[in-house]
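Residue numbers (the working numbering): 35 to 484. Report on the structure given below.
Below you can see the structure in the form of C-alpha cells.
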C-alpha cells in the first residue's frame with residue numbers, strides 16, 4: 035500500500051513538473067506572425083527600454099542573414115527560425131514614402147532558404163535550401179520575394195513562398211511536403227501588371243494549416259492537414275488582392291477564421307469553410323491582420339477614400355455592411371472611418387488599442403467603445419513593421435531602423451528613439467525578455483545587459 039501511494043505521489047509530481055515545463059515552453063514560444071494569436075505580446079519578462087548597437091549595450095547578438103526578406107522571425111524552444119530569398123548580386127530595396135507602383139526587376143535565379151539559429155548566441159544551427167529557380171511573380175520595390183512569415187507548432191514548420199508554393203518541413207529543416215497553389219499574382223487591382231509580391235502568412239491551428247490567398251484571379255481561403263498536405267476544404271473569395279494574415283478565434287465552441295479585405299472582410303467556419311459573416315467597405319489595399327480582444331475583433335485597412343478602424347463583435351452573423359461606413363449595427367460595435375492603418379497591424383494591450391499608420395500617426399483607442407484616448411505624430415519616414423510589446427513598453431519600428439519606445443498608458447510618454455543600424459520592415463519577435471529584430475541584413479537580438 036505504501037509503495038502504491040509513493041508511486042502515485044511520484045507520478046503526480048512528475049506530471050506537475052512536466053506540465054510546468056510545457057507551460058513555460060509554450061509561454062516562451064513565438065510560433066507565427068506576431069506571436070501567439072497574432073497579438074504581438076509577450077509579458078513573460080520586461081524587455082529593454084534602451085540599447086546601443088554601437089557600444090553593444092543590451093545587444094545579445096547580431097548575426098548576418100544572407101539574401102532579402104521581410105518574413106519575420108519565429109521562435110520555438112531554443113531556436114529562432116527565419117526564411118530568406120537569395121538572388122544574383124545585391125537586391126535593391128527602395129524604402130520610405132513614395133507612390134511608385136512599378137515592380138522591381140530582379141528575376142534571376144533565386145534560392146529560398148530556411149535557417150535555424152540559437153536564440154541565445156545567434157549561431158546558425160542549419161541553413162537549408164527550401165526551393166530554387168526564377169521567381170514566378172514580381173515583387174514591389176519595397177517588397178521581397180520572401181515576405182510571408184513561417185509558422186510552427188513544434189513538430190513542423192510551414193512557410194508560404196507565394197507563387198513558389200506552400201512548403202512544410204520538420205524541425206530540422208527536412209522537407210515533409212509541398213503544394214503548388216498556383217500563381218499568387220498580388221498587386222494593384224487597378225493596374226494588374228504592377229505585381230507587388232505575396233505576403234499573407236500561414237497560420238497553424240489544431241493540426242491544420244490555414245492560408246488566405248487573395249490575388250487577382252481565383253482567390254480563396256483554404257485549410258490543409260499539416261501532416262500530409264491534404265487539402266481539407268477551399269472556399270472561393272471575391273476581393274481585390276490583400277496581404278493580410280488570417281486570425282483564429284473560438285466563439286461559443288465554434289472556431290472561426292477571421293480575414294481582412296476590402297469587399298469581403300469576414301469570418302468563416304474553421305471546420306467547413308462556411309461563411310459566418312461578411313462586411314464590405316474600407317481601404318482598398320488591405321494589409322493588417324485582424325486583432326482579437328474580449329468579445330471583439332479589430333479590423334483596419336487603408337488606401338483610397340477610406341481607412342477605417344473598426345471593432346467587430348464576435349457574435350456577428352450574416353451581412354453586416356451598413357448603409358454608410360460611419361454607421362454601427364449589431365455586428366459593428368464602433369468605427370472611425372479615417373483613423374485606420376495602411377501597413378501596420380494594431381496591437382491590443384489591456385483595454386487600449388494602439389494603431390500606427392505608414393506616416394507615423396499613432397492613435398490609442400479605448401478598445402471597448404472606440405473612444406480616442408490620445409493621438410501623436412511620430413516623426414519618421416515610413417512605418418511598415420507592426421508594433422510589439424511586453425505589456426509595459428510599446429515598440430514601433432520605422433523602415434529606416436529607428437525604434438520608438440513608449441510607456442503603455444493613457445498618455446503619450448516617449449522613453450526614447452533607438453537605432454538598429456540597418457533598415458527594418460519585418461515585424462519583431464519577443465520572447466522571455468528578448469526582442470528579435472530582423473533587419474535588411476541581419477538578425478539583431480536585444481536583451482537586458484546583452
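C-beta: ideal position from N, C-alpha, C; glycine also.
{"Asked": "Close Cβ partners of residue 417 (< 8 Å) along its chain, the five nearest in sequence each way excluded", "Found": "377, 378, 390, 391, 392, 393, 394, 430, 431, 432, 433"}
{"Asked": "Residues that DSSP places opposite residue 174 in a beta bridge", "Found": "137"}
{"Asked": "Reference residue 172; option with closest CA among 154, 195, 158, 139", "Found": "139"}
{"Asked": "Cβ neighbour criterion (16 or more within 10 Å) applied to residue 143", "Found": "exposed"}
{"Asked": "Range of the contiguous beta strand (DSSP E) that encloses residue 470", "Found": "468-472"}
{"Asked": "Span separating the alpha-carbon of residue 288 from that of residue 265", "Found": "21 Å"}
{"Asked": "Collapsed DSSP secondary structure at residue 126 in the structure displayed", "Found": "coil"}
{"Asked": "Residue 484 versus residue 423 - alpha carbon distance", "Found": "19 Å"}
{"Asked": "Proximity below 7 Å, CB of residue 468 to CB of residue 479", "Found": "yes"}
{"Asked": "Residue burial classification, residue 28 (beta-carbon count within 10 angstroms, cutoff 16)", "Found": "Examination of residue 28 is not possible in this model, given that the chain is present from 35 through 484 alone."}
{"Asked": "Contact under 7 Å by Cβ, residue 387 with residue 399", "Found": "yes"}
{"Asked": "Short Cβ contact (7 Å threshold) for residue 310 with residue 331", "Found": "no"}
{"Asked": "Residue range of the beta strand (DSSP E) that includes residue 86", "Found": "Looking at the DSSP string, residue 86 is not in any beta strand (DSSP E), and its letter there is neither H nor E."}
{"Asked": "Between the CA atoms of residue 246 and residue 268 - distance to the nearest angstrom", "Found": "10 Å"}
{"Asked": "Reduced DSSP secondary structure (H/G/I, E/B, other) of residue 71", "Found": "helix"}
{"Asked": "Nearest-angstrom Cβ-Cβ length linking residue 116 and residue 99, presumed shorter than 8 Å", "Found": "6 Å"}
{"Asked": "DSSP three-state assignment for residue 208, whether helix, strand or coil", "Found": "coil"}
{"Asked": "Where residue 197 falls: helix, strand or coil (DSSP)", "Found": "helix"}
{"Asked": "Cβ contact check for the stretch 119-136 and the stretch 91-98: 3 or more pairs under 8 Å", "Found": "no"}
{"Asked": "Cα-Cα separation, residue 88 to residue 451", "Found": "15 Å"}
{"Asked": "Nearest-angstrom Cα separation, counted from residue 194 out to residue 119", "Found": "12 Å"}
{"Asked": "N-terminal and C-terminal residue of the beta strand (DSSP E) that residue 145 is part of", "Found": "144-152"}
{"Asked": "Reference residue 380, options 78, 360, 334, closest by Cα", "Found": "334"}
{"Asked": "Beta-carbon proximity of residue 110 to residue 188, cut-off 7 Å", "Found": "yes"}
{"Asked": "Rounded separation between residue 222 and residue 318 - CA only", "Found": "9 Å"}
{"Asked": "Rounded C-alpha distance that separates residue 385 from residue 397", "Found": "14 Å"}
{"Asked": "Residue 74 burial status per 10 Å Cβ neighbour count (16 or more: buried)", "Found": "buried"}
{"Asked": "Beta-carbon spacing of residue 453, residue 440 below 7 Å", "Found": "no"}
{"Asked": "Nonlocal neighbours in the same chain, by C-beta distance under 7 Å from residue 60, ignoring five residues either side", "Found": "Any reading at residue 60 needs caution, since the residue's pLDDT is 47, under 50, leaving its predicted position unreliable; the model's value is listed next. For residue 60, where only same-chain residues beyond five positions count, there are no Cβ hits under 7 Å."}
{"Asked": "Residue 356 versus residue 72 - alpha carbon distance", "Found": "28 Å"}
{"Asked": "Distance CB(residue 343)-CB(residue 365) smaller than 7 Å", "Found": "no"}
{"Asked": "Three-way DSSP call (helix, strand, coil) for residue 284 in this model", "Found": "strand"}
{"Asked": "Collapsed DSSP secondary structure at residue 246 in the structure displayed", "Found": "strand"}
{"Asked": "Straight-line Cα distance separating residue 232 from residue 456", "Found": "24 Å"}
{"Asked": "DSSP beta-bridge partners of residue 131", "Found": "Residue 131 pairs with nothing; no bridge assigned."}
{"Asked": "Reference residue 282; option with closest CA among 251, 292, 276, 67", "Found": "292"}
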